[in-house]
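Take a look at the structure below.
There are 2 protein chains.
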Amino acid sequence: MINIQRPSARQNQLLARQSQLLNTLPSTEPSARQNQLLNALPSIEYERLLPHLELVQMNCGDILYEPGEKLHFVYFPTDCIVSQLHAIKDGGSSEVAVIGNEGAIGITLFMGGGTMTNRALVQSAGYAYRIRQPLFMQEFDRHDALLHLLLRYTQALIAQMAQTAVCNRHHSVGQQLCRRLLLSIDRLPSNELTMTQELIANMLGVRREGVTEAAGKLQQAGLIHYSRGHIKVLDRPGLEARVCECYHVVKNEFDRLLH
Amino acid sequence: MINIQRPSARQNQLLARQSQLLNTLPSTEPSARQNQLLNALPSIEYERLLPHLELVQMNCGDILYEPGEKLHFVYFPTDCIVSQLHAIKDGGSSEVAVIGNEGAIGITLFMGGGTMTNRALVQSAGYAYRIRQPLFMQEFDRHDALLHLLLRYTQALIAQMAQTAVCNRHHSVGQQLCRRLLLSIDRLPSNELTMTQELIANMLGVRREGVTEAAGKLQQAGLIHYSRGHIKVLDRPGLEARVCECYHVVKNEFDRLLH
DNA sequence: CATTATCTGTACGGTATCACACATTATCCA
DNA sequence: TGGATAATGTGTGATACCGTACAGATAATG
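Chains A and B, in that order, give the protein sequences.
Just so we're aligned, residue 0 is where the first sequence starts under numbering that gives the first Met the number 0, counting upward by one.
Just so we're aligned, residue 0 is where the second sequence starts under numbering that gives the first Met the number 0, counting upward by one.
Next comes the structure, spelled out in structure tokens:
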């Protein structure tokens, strides 16, 4: 197993900090079947891919790629969460997609672009399986199931991005906070997250104070409990009642395309 | 040649109105080579596709597909503009992508999803070539050039959507108006557009009054001239100086991926 | 235990956008 | 030509979010 190393200097201290908070990795190593895409492959193709898959530990704050940077692996998370962040010149940024065990990081490899215009950042520690580009492309070109599965997945990702664009325009910080919380706990085994309000603000592209206020309301309503970077979801139905439609639209589209 | 018919009732009167304004179609029929994707194909594959391509007239307000609706053609615009609109329940909407002769409508067909979650609407009249799904898939599966070209195009489209999400969060109506105007004239032969402020407001997902104000400033600055649905761009460099970076980022990504 | 760093709460004025209402002007068409 | 329709201009108050500043509170560290 490999631990991804990156010069951590370029990333905000936020994440360095956060990685100290939560590196409680599960003691048992996961199986590649825990990634839903890999799991959706027919046995024969899964078996053929398996020897090329390498288990890697994903730590909070790890950067899988930067804008314009070549990526050499496709990653299939089993229990970590990665977010695709799009940054602008003045320092602002927004998350355009959240990826967990339902998906893969590195679509640019099979889409043919070579690089992306955004950054992939590990939000929540865990494991992923990865495969080297040449090996992957070999398998990708050889059989249809992998190709068509990944293309459908990419379309689901497109739906997520489009919905994010609309959501950014039309919905309030409070609603988007709900959406973001649900997106995270959907991809985690427990109902506890480890992210500071400042980090959430970065994801949503809003002020930290805005998140404080919105989170305060959710806590007052008894939907969540948070304290210094630890958020516990107490009432999931309550969150779903407050979230904007965007959450369900995207979720339905993922289900439709991948099940 | 075929004229796309749709029950126009479902669409705002805006577009019905607009289609009256601008149906000044060019008198000479275009060539499929005017679509940049088709033009990028090697001759052999282009020739093989050609007999299946059917010229259709695209009128303002035509709807190519609605959310969840099956699409039976892939469209390759030569000189029309189509926008992908994402709507939400309360009636609000935002444009997530603009497609002209650099692209294609109907990626869902080769991505394998069958349907999209948004609507494709003709914004500016013109022509497109289209090909029926079974014929298209036949060609698509047969040779690599078409597949890889369309996948790279799809990645460019993804970049556009991601940037739209960020832009919606961080940039002002004025900047977004500039972006939208540039996107349009890039895809048209002249520097004149035919769209009312209300229609632009629909695209951007903002109020009509907001567009009036922003457009007023641009006119005062001598960058554009507009009058009742006709907009003439007088100073393109001026617009580029005001537009947010999003415009250039997306443009560069298209160039990188498709040239 | 004391210190420091980090996280969260709060408060203030400023600004962009909204929602609504209505006036004005240009174009269309009977 | 005149009335209807469509497009644009303007105004007013509300609201959500921003930028900034700073004050607790909690955890990490030596």
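Each residue gets a CB set at the ideal place from its N, CA and C atoms; glycine is no exception.
No experiment lies behind these values; they were computed from the predicted model shown.
- The residue among B/S123, B/E208, B/G215 with its C-alpha nearest the C-alpha of B/D78 is B/S123.
- Excluding five sequence positions before and after B/K250, none of the CB atoms of its chain fall closer than 7 Å to its own CB.
- For B/T195, there is no enclosing beta strand (DSSP E), as DSSP marks it with neither H nor E.
- Sequence-ordered contacts of the stretch 41-58 of chain B with chain A are nonexistent [C-beta pairs closer than 8 Å].
- According to DSSP, A/R131 shares a beta bridge with A/F72.
- Rounded to whole angstroms, the gap between the alpha carbons of B/M115 and B/S93 is 15 Å.
- Contiguous alpha helix (DSSP H) elements confined to the stretch 66-127 of chain A occur at 106-110, taking only those with 4 or more residues.
- CA-CA distance, B/H247 to A/L233, rounds to 44 Å.
- Apart from the 5 residues on each side of it in sequence, B/G221 sits with its Cβ closer than 7 Å to the Cβ of L233, D234 in its chain, given in chain order.
- Between the stretch 210-220 of chain A and the stretch 148-155 of chain A, the count of C-beta pairs closer than 8 Å stays below three; the two stretches do not touch.
- Look at B/I104: its C-beta is not under 8 Å from any C-beta on chain A.
- In the pairwise beta carbon analysis, the stretch 78-87 of chain A is classified as not touching the stretch 140-147 of chain A: fewer than three pairs are separated by under 8 Å.
- Not flagged as an interface residue toward chain A: B/N38, since no C-beta distance is shorter than 8 Å.
- Within the same chain, and ignoring the five residues on either side of A/G125 in sequence, the residues whose Cβ sits closer than 6 Å to its Cβ are M57, D78, C79.
- With a 10 Å radius around the Cβ and a threshold of 16 neighbouring Cβ atoms, B/Q137 comes out exposed.
- In terms of Cβ geometry, A/L148 and A/L48 do not form a close pair [threshold 8 Å].
- Between the alpha carbons of A/Y225 and A/R207 lies a distance of about 15 Å.
- Taking 7 Å as the upper bound on Cβ-Cβ separation, chain A lies near residues H147, L150, R151, T153, Q154 of the stretch 140-155 of chain B.
- The shortest CA-to-CA distance from A/P66 to any of A/C177, A/H170, A/L120 is the one to A/L120.
- Chain A has no Cβ within less than 8 Å of the Cβ of B/A213.
- With at least 16 other beta carbons inside 10 angstroms of its own, B/R179 counts as buried.
- In the structure shown, B/V242 falls within a coil segment according to DSSP collapsed to helix, strand and coil.
- For B/H224, the enclosing beta strand (DSSP E) stretches over residues 223-226.
- Rounded to whole angstroms, the Cβ separation of B/R151 and A/M110 is 7 Å, and the two are in contact under 8 Å.
- At a cut-off of 8 Å between C-beta atoms, B/L256 counts as an interface residue with respect to chain A.
- Interface annotation for the stretch 155-167 of chain A against chain B: A155, L156, I157, A158, M160, A161, Q162, T163, A164, V165, C166, N167, criterion Cβ-Cβ distance under 9 Å.
- Chain A places a beta carbon closer than 8 Å to that of B/G112, counting this residue as a contact.
- Taking the C-beta atoms as reference points, A/V165 is found nearer than 8 Å to A/C245.
- From the beta-carbon of A/V81, no residue of chain B is found nearer than 7 Å; the closest lies around 15 Å away.
- By the rule that beta-carbons nearer than 8 Å mark a contact, A/H247 does not touch chain B.
- Of the residues assessed, B/I43 falls on the exposed side of the cut-off, its CB having fewer than 16 other CB atoms within 10 angstroms.
- Near chain A, meaning a CB-to-CB distance below 9 Å, the residues of the stretch 85-96 of chain B are H85, A86, I87, K88, D89, G91, S92, S93, E94, V95, A96.
- The residues L70, A119, in chain order, have a CB closer than 6 Å to that of A/Y64 in the same chain once the five nearest residues on each side in sequence are set aside.
- When the five nearest sequence neighbours on each side are left out, the beta carbons in the same chain lying within less than 7 Å of the beta carbon of A/V95 are those of Q83, H85, N117, M160, T163, in order along the chain.
- Interface flag for B/E252 against chain A is set, since a Cβ pair is found closer than 8 Å.
- Interface with chain B (8 Å Cβ-Cβ cutoff): A/N201 is excluded.
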